[in-house]
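Novice: One structure coming up, written as structure tokens, with questions to follow.
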Amino acid sequence: MSVQAQEVKIGFVSTDRVLKEAAAAKAAQTKLEQEFSKREKDLTDMGAGIKSAADKFEREAPTLPEAQRVTRQKQLLDQDREFQRKRREFQEDLNARKNEELQQVILRANKAIKDIAVAENYDIIFQDAVYVNPKHDMTDKVIKALNVPAGK
Numbered sequence: 001m002s003v004q005a006q007e008v009k010i011g012f013v014s015t016d017r018v019l020k021e022a023a024a025a026k027a028a029q030t031k032l033e034q035e036f037s038k039r040e041k042d043l044t045d046m047g048a049g050i051k052s053a054a055d056k057f058e059r060e061a062p063t064l065p066e067a068q069r070v071t072r073q074k075q076l077l078d079q080d081r082e083f084q085r086k087r088r089e090f091q092e093d094l095n096a097r098k099n100e101e102l103q104q105v106i107l108r109a110n111k112a113i114k115d116i117a118v119a120e121n122y123d124i125i126f127q128d129a130v131y132v133n134p135k136h137d138m139t140d141k142v143i144k145a146l147n148v149p150a151g152k
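Take the numbering used here: the final residue in the sequence shown is number 152, and no numbers are missing along the way.
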């Protein structure tokens, strides 16, 4: 067979679908929700408490003595600053953990893609394209491979 007659076998994988539909990705999301739910609830409660205190202050401020009004206003500002700091730390921690978990899924997905490509003699696999003929889409195969427990 001549070089020109050889057919190139092309595949495509939708990374977004893999990261949404694979059991490993869903498990990572559930793990993160469990890990961060208490902190998120604490932050929500803290924010509600500050809002309640601010509303109360707004109602009472006109009748408060100057010194007491200034003191409560400073307390509210300090509480809000602390809340913003904790919320920022929470978001940073959540993003870092998301990246860690996502990296594990991506590593497994890349291995699955490579294994399928070798087993089925693909010449090239694309990720994310403007248009792909469905006959070249191997996303379902990758998701299926990822859904097999590790080590099997």
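All C-beta atoms in this analysis are idealised placements derived from N, C-alpha and C, irrespective of residue type, glycine included.
1) Under 8 angstroms, do L76 and A61 count as touching if we go by C-beta distance?
2) Nearest to K114 by CA position, among V105, G49, I125, is which residue?
3) Among V18, Q6, R87, which one has its Cα closest to the Cα of L43?
4) Pick helix, strand or coil for Q6, following the three-state DSSP scheme.
5) Strictly by DSSP, which residues pair up with I124?
6) My understanding is that A109 touches G11, with C-beta atoms under 8 angstroms, so please give their C-beta distance in whole angstroms.
7) Go through its chain and collect everything with a Cβ distance to A129's Cβ below 8 angstroms, but skip five positions before and after it.
8) Please go through the same chain and pick out, in chain order, the residues whose beta-carbon is closer than 8 angstroms to the beta-carbon of M1, but skip the five residues on each side of it.
9) Among A28, Q29, E82, A25, which has the Cα closest to the Cα of I50?
10) Quick one: Cα of D78 to Cα of T71, how far?
11) So E21 packs on I106, CB below 8 angstroms; how close in whole Å?
12) On the DSSP bridge list, what partners appear for D137?
13) Using alpha carbons as the reference points, say which of E7, Q6, R17 lies closest to Q153.
14) To the nearest angstrom, how far is the alpha carbon of T139 from that of A112?
15) Under the three-state reduction of DSSP, which class applies to L146: helix, strand or coil?
Specialist: In short:
1) no
2) I125
3) R87
4) coil
5) I10
6) With a Cβ gap of about 13 angstroms, A109 and G11 do not count as contacting.
7) F12
8) Residue placement at M1 is poorly supported in this model, since its pLDDT is 46, which falls under 50; the coordinates still yield a value, given next. Within the same chain, M1 has no close Cβ partners at all.
9) E82
10) 11 angstroms
11) So it is not a contact: roughly 14 angstroms between Cβ atoms.
12) F12
13) For residue 153 there is no data in the structure shown, the boundaries of the chain being 1 and 152.
14) 10 angstroms
15) helix
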